[in-house]
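Since the structure comes first, as structure tokens, the remarks are kept for the end.
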Amino acid sequence: MMMIRFLAPAASLLLGLSLAAGDARAQGPLEIDAEYSASVWAIPVGRVALSAELGQESYTARAVSQAAGLGALFSDVRIESAVEGAIAAGRARPQTYAHDEFTGAKHRRIDMSFDGRVARSVAAPDFSSWGEPPASEADRSGAIDPMTAVLMLAEAMTGDAPCSGVLPVFDGRLRYDLDLRARGRETVRTRAWRGEALVCDAYYRPISGYTDEQRPEPGELRHPLTFWLAPLADGRNLPVRIHTRAGFGVTIELKALELRGSGAR
Numbered sequence: 110m111m112m113i114r115f116l117a118p119a120a121s122l123l124l125g126l127s128l129a130a131g132d133a134r135a136q137g138p139l140e141i142d143a144e145y146s147a148s149v150w151a152i153p154v155g156r157v158a159l160s161a162e163l164g165q166e167s168y169t170a171r172a173v174s175q176a177a178g179l180g181a182l183f184s185d186v187r188i189e190s191a192v193e194g195a196i197a198a199g200r201a202r203p204q205t206y207a208h209d210e211f212t213g214a215k216h217r218r219i220d221m222s223f224d225g226r227v228a229r230s231v232a233a234p235d236f237s238s239w240g241e242p243p244a245s246e247a248d249r250s251g252a253i254d255p256m257t258a259v260l261m262l263a264e265a266m267t268g269d270a271p272c273s274g275v276l277p278v279f280d281g282r283l284r285y286d287l288d289l290r291a292r293g294r295e296t297v298r299t300r301a302w303r304g305e306a307l308v309c310d311a312y313y314r315p316i317s318g319y320t321d322e323q324r325p326e327p328g329e330l331r332h333p334l335t336f337w338l339a340p341l342a343d344g345r346n347l348p349v350r351i352h353t354r355a356g357f358g359v360t361i362e363l364k365a366l367e368l369r370g371s372g373a374r
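All residue numbers for the sequence shown refer to this note's numbering, where the first residue is 110 and numbers rise by one.
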């Protein structure tokens, strides 16, 4: 179960990066379908299926994460996430976000809205605890969902200081920051892509909404989520790999990618 709970936010990050920083000259929407595989010590443990449509003024995205290979022997968790939002002045602004988690016969759904730039969520069934302390309105003010977070992260890949700053994220219960730090460039080889990639670390900083059992140990927080981002010809940054050393260490790599519409190459 721990592995799939890692895949859910990671899938959101991967999808957001695929959408970002498109060619400003593109007039129609760009449709994206991508598949990623997750492994521990080179052993397959999960898969992520992603789909999205990015227009000039709006975006939609969906990610499905589930166990596979050896991971399916220990977990039957399936997580589906979806977001809709607007794009104004080149920045993504979420309007609705939904998160469904299926564990065996159990199902919990979280729906989020962002009226007045304050993230609000409803869970069904409700949580027995919303954390100690729960995320306050002040914590949720200006916060964004995990998918939109990396739409904004990819904006930080350009300019004089790429991969810098702090992103405030709320997933419907947990409020955390992503502290971005650049690591330079490296040559990367995967089954789907090879070449030079920008390397970016995102350090996870818990803020509120955590129970004692959920709060990460200090040792886990030392290890960032590391992204290898491949620059495409149309200006987008494609995530070809994501890795964390936390826990057993998980690596997610691009397996397949299909682009349709304006900006497709």
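We treat Cβ as the ideally placed atom computed from N, Cα and C, and that holds for glycine.
Check each candidate in ALA214, VAL278, ALA172 and name the one with the smallest Cα separation from PHE223. Numbered from its first residue, the sequence shown carries residue 223 at position 114. Residue VAL278 is the option with its Cα nearest to PHE223.
Could you check where the alpha helix (DSSP H) with ALA247 kicks off and where it finishes? Working through the sequence shown from its first residue, we reach residue 247 at position 138. Counting along the chain, the unbroken alpha helix (DSSP H) around ALA247 starts and ends at 246-249.
Using three-state DSSP, classify GLU329 as helix, strand or coil. Counted from its first residue, the sequence shown places residue 329 at position 220. Three-state result, GLU329: helix.
Rounded to whole angstroms, what is the Cα-Cα separation between GLU246 and ASP220? The residue you call residue 246 lines up with position 137 of the sequence shown. The residue you call residue 220 lines up with position 111 of the sequence shown. Distance between the alpha carbons of GLU246 and ASP220: 16 Å.
Provide the residue(s) that pair with ARG354 in DSSP beta bridges, ordered along the chain. Counting from one through the sequence shown, the residue named residue 354 turns up at place 245. DSSP lists no beta-bridge partner residue for ARG354.
In whole angstroms, give me the CA-to-CA distance for ILE316 and ASP248. Position 207 of the sequence shown, counting from 1, holds the residue named residue 316. Position 139 of the sequence shown, counting from 1, holds the residue named residue 248. Each residue's alpha carbon lies about 8 Å from the other.
By alpha-carbon positions, which one of PRO325, GLU367, GLY155 ends up nearest to ILE188? Residue numbering aside, residue 188 sits at position 79 when the sequence shown is read from its first letter. For the residues PRO325, GLU367, GLY155, the minimum Cα distance to ILE188 belongs to GLY155.
Along the chain, where does the beta strand (DSSP E) containing ALA301 start, and where does it finish? Position 192 of the sequence shown holds residue 301. First-last for ALA301: undefined, no H or E at that position.
DSSP three-state assignment for THR257, whether helix, strand or coil: Taking the sequence shown and counting its residues from 1, one reaches residue 257 at position 148. In the three-state DSSP reduction, THR257 falls in the helix class (H, G or I).
Looking only at DSSP bridge pairs, what is ALA143 linked to? The residue you call residue 143 lines up with position 34 of the sequence shown. LEU159, LEU366.
Pull the bridge partners of GLY164 from the DSSP assignment, please. For the purposes of this step, residue 164 is taken as the residue at position 55 of the sequence shown. Here GLY164 is not bridged, per DSSP, to any residue.
Using three-state DSSP, classify ARG292 as helix, strand or coil. Within the sequence shown, the letter at position 183 stands for residue 292. It is a strand residue.
When DSSP labels each residue in this structure, what does GLY225 get in the three-state scheme? Along the sequence shown, read from residue 1 onward, the residue named residue 225 stands at position 116. Correct three-state label for GLY225: helix.
Please report the straight-line C-alpha distance between ASP132 and TYR168, rounded to a whole angstrom. As a working note, residue 132 is residue 23 in the sequence shown. As a working note, residue 168 is residue 59 in the sequence shown. With a pLDDT of 46 at ASP132, under the threshold of 50, the modelled position of that residue is not reliable, and no figure is offered here.
Going by DSSP, which residues form a beta bridge with GLY318? The residue given as residue 318 occupies position 209 in the sequence shown. GLY318 has no beta-bridge partner at all, per DSSP.
Check for me: the beta strand (DSSP E) holding TRP337 runs from which residue to which? Taking the first residue of the sequence shown as 1, we reach residue 337 at position 228. From DSSP, the beta strand (DSSP E) with TRP337 extends over 334-340.
Quickly, what does DSSP pair PRO234 with across the bridge? List them, please. Counting from 1 along the sequence shown, the entry for residue 234 is found at position 125. Per DSSP, none; premise fails for PRO234.
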